[in-house]
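Please read the structure below before turning to the comments.
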Amino acid sequence: MPLPSTPRIPYGGDYNPEQWEEAVWDADFAAFDLARIDLLTVGVFTWALTQPDEDTYDLSVLERIIDRAHAEGRMVCLATGTAAVPPWLAAKYPDVCRTDFEGRRHVYGVRHNACTSSANFRRLSTAVARRIAERFAGHPAVVAWHIGNEYGGLCYCELCAAEFRIWLRERYVTLDRLNDAWNTTFWSHRYTDWDQIVPPNILSEHWRGPNHTAFQGVTLDYHRFNTDNILRSFQDEKDAIREFSDLPVTTNMMAIYRHLDYHRWAPHLDFASWDNYPTDGSPVSRMALGHALMRGLKDGQPFWLMEQTPTMTATRDFNPVKRPGVMRLWSWQAIAHGSDSVLFFQMRHSRGASEKYHGAILNHAGRTDTRAFREVAQLGAELEAVGDRMLGSRTPARVAVLFDWDSWWALEITDGHSRAVGYEKQMVAYHEALWQAGAVLDVVPVGADLSGYDVVVAPFLHLLRGDIAARLEEVARRGGTVLTTVMSARVDEDDNAFLMDVPGPLGALTGIRVDETDSLPPDQTNTVVLSRVGEPEVRTRGRHVFDVVQTQRAETVGVYTEDFYAGTPAVTRNAFGEGSGWYVATCLDQDGVDWVVRHVLAEQNLLGPFADVRDLEHTTRVIDGRRYEFVLNHRSDQVRVPAPWSGTDLLSGRAVVAGEEFVVEPTGVVVVEVR
Amino acid sequence: MPLPSTPRIPYGGDYNPEQWEEAVWDADFAAFDLARIDLLTVGVFTWALTQPDEDTYDLSVLERIIDRAHAEGRMVCLATGTAAVPPWLAAKYPDVCRTDFEGRRHVYGVRHNACTSSANFRRLSTAVARRIAERFAGHPAVVAWHIGNEYGGLCYCELCAAEFRIWLRERYVTLDRLNDAWNTTFWSHRYTDWDQIVPPNILSEHWRGPNHTAFQGVTLDYHRFNTDNILRSFQDEKDAIREFSDLPVTTNMMAIYRHLDYHRWAPHLDFASWDNYPTDGSPVSRMALGHALMRGLKDGQPFWLMEQTPTMTATRDFNPVKRPGVMRLWSWQAIAHGSDSVLFFQMRHSRGASEKYHGAILNHAGRTDTRAFREVAQLGAELEAVGDRMLGSRTPARVAVLFDWDSWWALEITDGHSRAVGYEKQMVAYHEALWQAGAVLDVVPVGADLSGYDVVVAPFLHLLRGDIAARLEEVARRGGTVLTTVMSARVDEDDNAFLMDVPGPLGALTGIRVDETDSLPPDQTNTVVLSRVGEPEVRTRGRHVFDVVQTQRAETVGVYTEDFYAGTPAVTRNAFGEGSGWYVATCLDQDGVDWVVRHVLAEQNLLGPFADVRDLEHTTRVIDGRRYEFVLNHRSDQVRVPAPWSGTDLLSGRAVVAGEEFVVEPTGVVVVEVR
Amino acid sequence: MPLPSTPRIPYGGDYNPEQWEEAVWDADFAAFDLARIDLLTVGVFTWALTQPDEDTYDLSVLERIIDRAHAEGRMVCLATGTAAVPPWLAAKYPDVCRTDFEGRRHVYGVRHNACTSSANFRRLSTAVARRIAERFAGHPAVVAWHIGNEYGGLCYCELCAAEFRIWLRERYVTLDRLNDAWNTTFWSHRYTDWDQIVPPNILSEHWRGPNHTAFQGVTLDYHRFNTDNILRSFQDEKDAIREFSDLPVTTNMMAIYRHLDYHRWAPHLDFASWDNYPTDGSPVSRMALGHALMRGLKDGQPFWLMEQTPTMTATRDFNPVKRPGVMRLWSWQAIAHGSDSVLFFQMRHSRGASEKYHGAILNHAGRTDTRAFREVAQLGAELEAVGDRMLGSRTPARVAVLFDWDSWWALEITDGHSRAVGYEKQMVAYHEALWQAGAVLDVVPVGADLSGYDVVVAPFLHLLRGDIAARLEEVARRGGTVLTTVMSARVDEDDNAFLMDVPGPLGALTGIRVDETDSLPPDQTNTVVLSRVGEPEVRTRGRHVFDVVQTQRAETVGVYTEDFYAGTPAVTRNAFGEGSGWYVATCLDQDGVDWVVRHVLAEQNLLGPFADVRDLEHTTRVIDGRRYEFVLNHRSDQVRVPAPWSGTDLLSGRAVVAGEEFVVEPTGVVVVEVR
């Protein structure tokens, strides 16, 4: 299914006029005109208004909002509004409230806490979605449907226990198969009745917290079940919408979000969308990773940036404002990586409750002469000028990064070796290295077709599913380069260890054997020396976990220099077929990861044109023979670099000539339409 | 109502002879004689003795204690003993036990944990108070009534939910008004029935903890409700006492205590009293702030220091003993700031349970030849010598500090900007500056009459109630100086943002406009340069939150030097009427606060006589034309300063002559009766 | 009762073939042959297999395992398998699941969490133990019985409340006696009915956590009750075994484990055994303390090392592998201190669940050519060569260390002074000093016969029971040296303070009086100068708690140099009878403890032969006139020392000659059979 049909990159975002007197709406639309805002996300938290009690629906508020938007020439992304239940619903049907990891049944409050195992929730959320779809399906303003909001979390109630058992029966069919998968002979856990199975929380298999479980199999399956169980609720509403409308349906996701395996959701989304609220201190490249992950959900189809703050967040401990130029820079970054929209949360500062200090386009005084509004208006003009030319364009990547929720979960709920590794942290480190090197890349699931890639980076791929080992071998066999690391290929789909030398099914590709893995507290390291013929040696550090490697056929690229395994390999490269398999045996510091990744890219001639300029981001989008080269300067100084291509910078109108230097200002963006 | 009638500053404190054989009592009274102890607080935890079951009262123990006290010539402050319920009561009526923030109903244990919504608790606590009042109302030893003990905490049980709904109906009358106050259109929270409302805890609106709520309005009102609900229980008992006695009634409070808004309690107390257990590491001035806050409850009427430890506490992680001289110094500090008593917890070390290592006048060996006892006896002699001359005297303050529980709660439960600000920490910093500068000051509620003050300091006054903005303007208009800060004047009484430029209703007085407020983690600062014509520039640092200020009419007194708002104002002064309104736009380090506060005081000629000597405390009490100047040396070295007045040091008997130096020893105290 | 009858030091450990196809068993036994493994611990977690439902027992799996073991010439230590209940049992009888400190009833999961107050658990665990004993009592492979596994933890359910009340009635007989013991007049806690008493947890007497209680008496008694209540379950099973077998019975303990007072268990064990999993960063000597504590349970009878990991643990945050030689070194350390076995957990890496990365003799690939296996096989050969010669041998100690769970609990649940002291930490420090000094020592309960010791070290003996004070005096009176410290002798058996000068009943022996004890945060210290005539002064630091000491008859050995008690004694020595009583008035840094301990040992000529070589461990075992001197090198360099005795190193076969140097390699071990 194509993306929503829009005349240009839609610009705008969450709009909640139901919280205001209608007199305020006039001021809103006057401001929207100033800022070229053409799309409004409406109704995300309106259930209490659209259904004031079980027997009454009142769509008049939505009607007024959507009609006014239409009259003012705006498009609407229309929400079903089910992300927060109304008070009457929780009071009447307490089972819609979740039971938390501590086993506590909650009562009414906050948002995003409905239990999707509750038949009452499913029935009522579907019904309200159906009413809204029925009423607004043909409305000319509506261009897309928005279900729920930032789905997530887990529930551990009795209803979930029952649904979990059904899910398990479907997965395992017999208890014998389940007992085998979970290795229940260990610690006398052999189940003899499905009803003996309870959700894994602090009252059952867990100790200390959600990552400390006595039975990894139970906990891993509960994460999978939870993903599917919440997805079912999304699908309920989507089915209801489909009774009346064929417009594209999405929900706003959170990209690098641990609790939901978005790869299981991908087939059910018409298009992907997400909310980009980077944590302070995380690298700029992490946002790029988020964009690529979202783009990877639908085989490279563009996605929507559904939310970002124009200025500041509110729920963090500290909520800095975005510095001048940064909102524009990050908006263009989203487009550079495949977004076909730039949307904000939200249009006007809330008056009260928990987001009253969350940034918005209009502040509490409603001013349009603030720095925030001026920057929004400037970007609006810029996007209007760019028009529709890059809508639907694709990223021509030859590098793939494997991202895998099963490995994330399995790695982090595992007892043993080191609790400090952290899947996300390691993925961000490997992606950062690729990003700094300017690799044009996709982030894909392990089931993706790898035949189009010259480099496949699969770090910390702890759990191997299906035929991924064979397909990675195939990448190398035909001349590609595969990179994997310590803690990879340790367990099968059931989280049981491979009964073979580490790294299990990747042993042939990597050409090594590991008999023991050491681990140390985070402040204790082992210096690693990296070397290639004809290059100076480089010293970096290993940390957390340390495979003691015996090379079988691989060559040694880096060695430990300390402890009883001093002199043994820390990084190896194995010639395999026409290509190679690299292995990094420890958690290298970022400079070590950079070194390895650049050697891998260089092997395939895939270093980007600006790989030597730190924090100068580059990527590419193509469509119908047109090529757009994005250059984004995340540095605080001006950059001059020679252009690898000739064309026109769409933002400044200036010509860019191959071989001649062009300038990118601090927080500046250049988008070259290549000639 | 006047304070209890005592012949001099009453000296003594908590006395629990019911824990001992009567033979020990003889030793107690012999020691009391040595230490000139003349007042005993009796019966604070005696409910299990006075009422061994629901149908039996046994006042014989109290009788023996009070009769013996009287026979020995001591006064008694008599407690109703309801601060800890007896085991039989909790077993028989489990609803008297509280439900905590986690939603857990407690069972019997500890103390201070009765739910004051429980009709059983209210009935039984009132009944035992009535019995005691009836029996001892006319007893010649009894001079005051002491209800409960260190009231506090919160309960979240079903009974509280019901009481909360009643309280809300009284406050808001209609659900529409409540929905508007709480801004419930946000996140689909519109209530359609009062019974849908539940207490705000971790099972409903909260996440992470008591300061993290999705609906500030609910949580803020729950704090107000809780204050009133506990107060009602105090009032129950007071009413019962009043049936038999007109003697003054108090309860021992905790001064800077977050959970109860003592300003709501003040009208119901005959006189204020509090327990002074400073935390190690807190500044000495924080005790002075506590004293002034308590004195401010009853319009400047003296209060009682109901408890302090002679030596050490027990419940802290580390419990240092008070160094030699410190107990005396801090006792005189209490008097200097308006205490008309010096009382200890307790007379004799407990034999067992949680306070067995809490300091007491007599240790486990019952010795009177210890350092602790000797210091107690010396102070007793000193107080006896001073007699009644300063009883009832007042503090002639021209500086007021606004202290406001609503702002405390609202600021700290708010999402957004910075979680690190901390109301108490900021209030302590501004008060510390005033204290070091020797300002004679009152700490008052926002509803207080401000017409007598030349300087009003209102830092972090986040929530504005009533006509406070107008009354602050009035202070300046008639020539006074008002000082306020970042995070002030942000929300109205319902915790909804003012829909105007920051600082809202204080915009006219401060002459500035703020469009955006930046925030940073605590270890990131912005250097601020402060300057006044004819003075050297001073560099300090801003932290946590940073208003980006546009001066409208104000002059710039300090500027930021870093980040994108370098060069913009960090401190401003606005001429207003005959006076001025100062604004501090960030959390300045202490030296910056000191600089601003001293300039504010200097503007009104209110710097104290010893403002240049750090930690040399000065304040004043006056009565009937007599004036007492207190000078307290919290330094470890001797101080010599010129006397601004002539008179006699009541403690040494030495003459003090204006213009001539006098000496204050380390931990020393000088109390000059001015001639 | 003697230890299990074995032909030599049994070698092997936990074997769980029930988790594997029988084809794997062949490989197991082939490996056992290579490693000289002759004893297998079988059945520790087999309940779900041996009893698949309430009415069915199936011992066929155990049968096959034990028969195969026997056929292969191995001995079996046979477990009853009750340490983890099967799922059907928890589902059928939810009362077998524990209620935690937070008051939460758990459901099925993890292990070690049966409530031993549950009649269902007691009935069913006893029944399965009886069945197993009945079936295998005469089996020729079985040499010992193993009940449960690492007993521990606490439960707070209603059944435990009822059992606690019964236990209290037996202890106190009358409520008056209980009220007196718990000092319930404090805080109105006087109980008038046994049923008013509830377990002390976060819902009743506790705040902040398990060490923060309002009533120490209740919490202390709950620890004692819990020890007895879990012990009863052990005894249930032992009684069932005794119906069929007279073989020795044990359970694997955890040595320095806070939750169970093993001294109360000791009479019920036929022999002691424990699992040695040292925490990274703890000193090597802590393992020696564990061994000595276990040996002390049965009056010096050797114990079994029931578990240790051959390589790494799994449940820690970081799980380093044991460095080369370390597994052997620590195995010999166990023997040196009285172990008559060397056993591992486990034979083969688990395939899945929480211990899949826990080290084992065979890794997931089942290899015997790994470093881990090679070291295991080398040690097996060494042990085989040593044979039976030192089985049953004893440690000829003249130094006793008092270890006391009552003091551990009482000290750490007490409010007051400092929460940072830590009983275990202090005991480890005093033992470390003795260990470095090479003292041959016993670790004994306060009820032990002290008549054979020349030095008794009793640090932090907070609670004094029985006649221990008199018996310590007797040690000194007859010429011995007693060493005690701050925080000792503070409370009686009920945790009520002694109503006398500190250190209470030890005042005469120590010759001092303490009126006040200061305390400071851990980073604040007081420099202490230690001096003896003819020796240079030594400077160390006191920390945490600081008794202000007045010597009555004692001499001053060390003094504080700071704060108001500068110059007063920090360490004293009192001549008493023919001997002396030393007192250390603060928590000295390790070098200070070392200094004191060495002076105490020197007073009795008990410094070891290698006291000057750090980390060169020495101890002795004797039997039937044979003497074995163990020298273990925990350093990373080779050591050469003069031999104090002549004989033969059993491991190398080399002669050792008195007065001549011998060599101990890094991680090396020398076991001299003295001629």
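Chains as they are written, first to last, in my numbering: chain V, 1 to 675; chain Z, 676 to 1350; chain B, 1351 to 2025. Just so you know, even glycine gets a beta-carbon here, dropped at the ideal spot from N, CA and C. Fair warning: this is a prediction, and the values are worked out from it, not measured in the lab.
Work out the CA separation of residue j and residue i for me, nearest whole Å.
i               : j               : result
L687 (chain V)  : N496 (chain V)  : Residue 687 (chain V) cannot be examined here, being either before or after the span of chain V that is shown, 1 to 675.
L391 (chain V)  : T41 (chain V)   : 19 angstroms
L737 (chain Z)  : L1054 (chain Z) : 28 angstroms
D1403 (chain B) : L1474 (chain B) : 11 angstroms
D1129 (chain Z) : G965 (chain Z)  : 22 angstroms
Hey, quick one: how far does the alpha helix (DSSP H) through residue i stretch, first residue to last?
i               : result
P1284 (chain Z) : Counting along the chain, P1284 (chain Z) falls outside any alpha helix (DSSP H), and DSSP gives it neither H nor E.
P569 (chain V)  : Where P569 (chain V) is concerned, there is no enclosing alpha helix (DSSP H), although the beta strand (DSSP E) it sits in stretches over 569–576.
DSSP puts residue i in a beta bridge; with which residues?
i               : result
L1869 (chain B) : Reading off the sequence shown, one finds Ser at residue 1869 (chain B), where the question assumed Leu. B:V1895, per the DSSP bridge assignment.
I1187 (chain Z) : Z:T1226
H712 (chain V)  : Because chain V spans 1 through 675 in this model, residue 712 (chain V) falls outside it and cannot be assessed.
R1698 (chain B) : B:L1712
F1980 (chain B) : B:T1969, B:V2021
M253 (chain V)  : V:W274
Can you name the start and end residues of the beta strand (DSSP E) that residue i belongs to?
i               : result
D1298 (chain Z) : Reading the sequence as shown, one finds Ile at residue 1298 (chain Z) and not Asp. Looking at the DSSP string, the run of the beta strand (DSSP E) that includes I1298 (chain Z) is 1291–1298.
H1496 (chain B) : 1492–1496
W20 (chain V)   : No beta strand (DSSP E) contains W20 (chain V), which DSSP labels as neither H nor E.
According to DSSP, is residue i part of a helix, a strand, or is it coil?
i               : result
Y11 (chain V)   : strand
P1992 (chain B) : strand
E1149 (chain Z) : helix
N1876 (chain B) : strand
D1526 (chain B) : helix
M1351 (chain B) : coil
Leaving out five residues on either side along the sequence, give the residues of the same chain with a beta carbon under 6 angstroms from the beta carbon of residue i.
i               : result
A1286 (chain Z) : A1112, G1113
W1080 (chain Z) : D936
F1621 (chain B) : L1353, P1598, T1600
For residue i, which residues of its own chain have a beta-carbon under 7 angstroms away from its beta-carbon, when the five flanking residues on both sides are left out?
i              : result
A360 (chain V) : P310, Q346, M347, R348, H349
CB-CB under 8 angstroms to residue i, same chain, minus the five flanking residues each way: which ones, in chain order?
i              : result
V803 (chain Z) : W722, T725, Q726, Y732, T755, G756, T757
Say whether chain C places a C-beta atom closer than 8 angstroms to the C-beta of residue i.
i               : result
E1705 (chain B) : Absent from the structure is chain C; the protein chains it does hold are V, Z and B.
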